[in-house]
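K.L.:
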Ligand SMILES: NC(=O)c1ccc[n+]([C@@H]2O[C@H](COP(=O)([O-])OP(=O)(O)OC[C@H]3O[C@@H](n4cnc5c(N)ncnc54)[C@H](O)[C@@H]3O)[C@@H](O)[C@H]2O)c1
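Residue numbers (this note's numbering): -12 to 324.
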């Protein structure tokens, strides 16, 4: 099937917005048409490095009548839902960085608008493309572990003053929302994607060494899976100097698995009845932001998925309902504060 080229714009041209722009540029069926950012200092990079038009806001961009099919939302978390709604109102598809929004209610408004406009909302959860995650999803879907007894997720990261700079949206209640939204929503997504929804949530939170943020830096969350088994999600951004680990341990009736490493990027243990561990594809390195590292650099898969889906040959890897569920689970956990 011959793919039709898809035209993109990116709103929010910071760390991750520039990655989206670069990945769009690298995909031969994608074309970057414009960049939108409130920071006019970025106009030069947009025009000289990317050779695209620059706009200060979505209204100016849509008033220009430049034709695009998709706008990628890479602004701070607290703007995701309102940006998405404005894009859908202008009859474009949306790619929205994680989290889809900061409340379930605003995510519902985005879904309502997308249904009205007959436009797609792609949520960015690129860790799903990591070979160990995809393998874990498959082995659990095939019920190879039998009944799931316990799932433990540990995310022990470093985010300190080097990350929470004064004047940034990071670490603010309205635009960041908390570490489960900004740092760990990828792992809530992996948990929900593989094991389904949770109930009977209990949680404890602490702010150990981030007095300059209005939310916790660490938490211990326990719950039951609706499909059976119990779970525990422990997280912290208080680790000294650098990320320690992001891991998931699964105890099932017919075996145990641990996927660990700094970014859930290594199968550390697999002992499953009548099963031989296959050789997995190599993983991509994490996004490197200088002083700190983020999740896997898999954004090219997202652009590829958008191009394929809009050409009718694939489906959104993470659809809007899944994006909403992650936000809803985090909202239920944070309701226990
Ligand atoms: N998927 C991932 O692994 C991943 C990694 C990093 C960040 N993110 C997400 O991407 C988003 C951006 O994070 P970042 O680290 O790139 O932040 P950033 O601060 O580097 O960039 C944000 C950009 O948005 C611009 N901006 C702010 N308000 C705006 C508005 N109203 N309209 C237009 N532009 C506006 C800022 O000027 C800045 O250039 C966040 O939602 C974050 O959670 C996702």
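Quick reminder that beta carbons are idealized off the backbone N, C-alpha and C, glycines included.
Tell me whether residue 292, by its Cβ, gets closer than 7 Å to a heavy atom of ligand 1.
P.N.:
Outside the cutoff, so no.
K.L.:
Where does the unbroken alpha helix (DSSP H) through residue 296 begin, and where does it stop?
P.N.:
Segment 286 to 297, the alpha helix (DSSP H) holding residue 296.
K.L.:
Can you tell me where the alpha helix (DSSP H) with residue 70 in it begins and where it stops?
P.N.:
Per DSSP, residue 70 belongs to the alpha helix (DSSP H) from 67 to 76.
K.L.:
Would you call the region 8 to 15 in contact with the region 63 to 79, where contact means no fewer than 3 C-beta pairs closer than 8 Å?
P.N.:
No: the two stretches stay apart, fewer than three of their Cβ pairs being nearer than 8 Å.
K.L.:
For residue 20, tell me which candidate among 186, 48, 175 and 1 has the shortest Cα-Cα distance.
P.N.:
It is 48.
K.L.:
Residue 136 and residue 235 - do their beta-carbons sit closer together than 8 Å?
P.N.:
Against a cut-off of 8 Å, the Cβ pair of residue 136 and residue 235 comes out as no contact.
K.L.:
Any chance the region 225 to 234 sits against the region 127 to 144, with 3 or more Cβ pairs inside 8 Å?
P.N.:
The region 225 to 234 is in contact with the region 127 to 144.
K.L.:
For residue 62, does the count of other Cβ atoms within 10 angstroms reach 16, so buried, or fall short, so exposed?
P.N.:
Result: buried.
K.L.:
Residue 247 bridges to which residues according to DSSP?
P.N.:
For residue 247, which the question treats as bridged, DSSP gives the partners 253.
K.L.:
By DSSP, does residue 195 sit in helix, in strand, or in coil?
P.N.:
Looking at residue 195 - three-state DSSP - the assignment turns out to be coil, as it is neither helix nor strand.
K.L.:
If contacts are defined as beta-carbon pairs under 8 Å, then residue 242 and residue 214 qualify, I think. What distance do you get, rounded to the angstrom?
P.N.:
Rounded, the Cβ-Cβ distance is 17 Å, inconsistent with contact.
K.L.:
Is the beta carbon of residue 265 less than 8 Å from the beta carbon of residue 250?
P.N.:
No, Cβ-Cβ distance for residue 265 and residue 250 is not below 8 Å.
K.L.:
Out of 44, 18 and 120, which one is the CA nearest neighbour of residue 26?
P.N.:
Comparing Cα positions, the closest option is 44.
K.L.:
Which one of 41, 85, -1 and 23 has the shortest CA to CA distance from residue 177?
P.N.:
Ranking the options by Cα distance to residue 177, first place goes to 85.
K.L.:
Which value, in whole angstroms, describes the spacing of the CA atoms of residue 100 and residue 79?
P.N.:
Taking the straight line joining both Cα atoms gives about 11 Å.
K.L.:
Would you mind listing the beta strand (DSSP E) stretches within the region 70 to 125 that are 3+ residues and don't spill past its ends, in chain order?
P.N.:
Complete beta strand (DSSP E) runs here, min 3: 80 to 83 and 108 to 110.
K.L.:
Who are residue 35's beta bridge partners in DSSP?
P.N.:
BP columns for residue 35 are empty, so no partner.
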